[in-house]
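K.L.:
Input: one structure, supplied below.
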Amino acid sequence: DTEVTQTPKHLVMGMTNKKSLKCEQHMGHRAMYWYKQKAKKPPELMFVYSYEKLSINESVPSRFSPECPNSSLLNLHLHALQPEDSALYLCASSLRERSYEQYFGPGTRLTVT
Amino acid sequence: DQQVKQNSPSLSVQEGRISILNCDYTNSMFDYFLWYKKYPAEGPTFLISISSIKDKNEDGRFTVFLNKSAKHLSLHIVPSQPGDSAVYFCAAFAYSGAGSYQLTFGKGTKLSVIP
Chain G
3 DTEVTQTPKH
13 LVMGMTNKKS
23 LKCEQHMGHR
33 AMYWYKQKAK
43 KPPELMFVYS
53 YEKLSINESV
63 PSRFSPECPN
73 SSLLNLHLHA
83 LQPEDSALYL
93 CASSLRERSY
103 EQYFGPGTRL
113 TVT
Chain L
110 DQQVKQNSPS
120 LSVQEGRISI
130 LNCDYTNSMF
140 DYFLWYKKYP
150 AEGPTFLISI
160 SSIKDKNEDG
170 RFTVFLNKSA
180 KHLSLHIVPS
190 QPGDSAVYFC
200 AAFAYSGAGS
210 YQLTFGKGTK
220 LSVIP
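If you're matching them up, the sequences are chains G and L in order.
In terms of the numbering used here, the first sequence is residues 3 to 115.
In terms of the numbering used here, the second sequence is residues 110 to 224.
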């Protein structure tokens with residue numbers, strides 16, 4: 003199984019809503035990542051979890067709150083988002099945090115209204 | 110400051126011919142270079158990588174060439190197939206001191222293979 007899955011595929015939420023994005027992998031990878039990708043731009047790193055602990059937070063606003071309940075799951079909790087947060091949110095995993103080969107999920111297309 | 114640059118936003122190639130996607134970088138400390146392929150509505154898929162100590166890596170129809178003196182790498186696809194039509198991202202990975210690292214992506218090149 004070399005797949006990273008993400009749910010939901012699409013999400014529309016209002017600025018006062020609370021929602022969560024989910025990511026799962028069963029490759030035994032111990033590093034998991036959240037990226038944000040706007041149209042016609044490369045992915046931008048948001049968070050890195052290594053062995054279920056937050057390793058890197060790239061100065062992301064607190065309205066984005068990551069959580070890693072176990073080695074296979076990664077969540078991104080969303081609250082009080084702004085329309086400019088609308089983007090494709092990609093989850094990725096790698097064998098270890100410093101492994102250069104990352105496997106990406108299909109992404110969640112988020113629209114904030 | 111863009112450390113990884115893909116100067117061609119798009120490329121069209123006839124089926125069966127060679128596709129050459131180019132990437133330039135500015136940081137000489139990058140340890141690995143990677144190519145990802147992305148279809149619409151999907152996440153990037155890892156395609157091929159090359160270590161900074163090598164100048165060529167081949168995997169089937171895909172070959173990546175690295176010219177360190179020119180800080181340039183290229184991805185060759187031979188022969189090109191319509192299913193190769195996608196956006197290709199060049200990425201570079203660097204380990205740095207104190208256990209930190211960075212993975213930097215280029216802006217991507219959209220490849221269209223015409224049947």
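For glycine and all other residues, C-beta sits at the position ideal for the given N, C-alpha and C.
Does the beta carbon of Pro108/G come closer than 9 Å to any beta carbon on chain L?
P.N.:
yes
K.L.:
Count the other C-beta atoms from every protein chain shown that fall within 10 angstroms of the C-beta of Val50/G, then say buried if there are 16 or more, exposed otherwise.
P.N.:
buried
K.L.:
Check Pro45/G in the structure and name its three-state DSSP category.
P.N.:
coil
K.L.:
Are the CB atoms of Thr213/L and Val113/L nearer to each other than 9 Å?
P.N.:
yes
K.L.:
Taking Cβ-Cβ distances below 7 Å as the criterion, which residues of the stretch 85–101 of chain G are in contact with chain L?
P.N.:
The stretch 85–101 of chain G vs chain L, Cβ under 7 Å: Leu92 and Arg100.
K.L.:
Return the chain-ordered list of same chain residues with a C-beta closer than 6 Å to the C-beta of Cys132/L, the five sequence neighbours on each side being excluded.
P.N.:
Gln115, Leu182, Cys199 and Gly215
K.L.:
To which residues of the same chain is Leu56/G closer than 7 Å at the C-beta, ignoring the five residues directly before and after it?
P.N.:
Phe49 and Pro68
K.L.:
Under 9 Å Cβ-Cβ, which residues of chain G neighbour Thr154/L?
P.N.:
Tyr105 and Phe106
K.L.:
For Val196/L, count the other beta carbons within 10 Å of its own beta carbon; 16 or more makes it buried, fewer makes it exposed. Which is it?
P.N.:
buried
K.L.:
Could you give the distance in angstroms between the alpha-carbon of His28/G and the alpha-carbon of Ser96/G?
P.N.:
11 Å
K.L.:
Can you find the residues in the same chain that come closer than 8 Å, C-beta to C-beta, to Asp140/L, ignoring five residues on each side of it along the sequence?
P.N.:
Ser160, Ser161, Phe202, Ala203 and Tyr204
K.L.:
Is Val6/G close to chain L, meaning its C-beta is less than 9 Å from at least one C-beta of that chain?
P.N.:
yes
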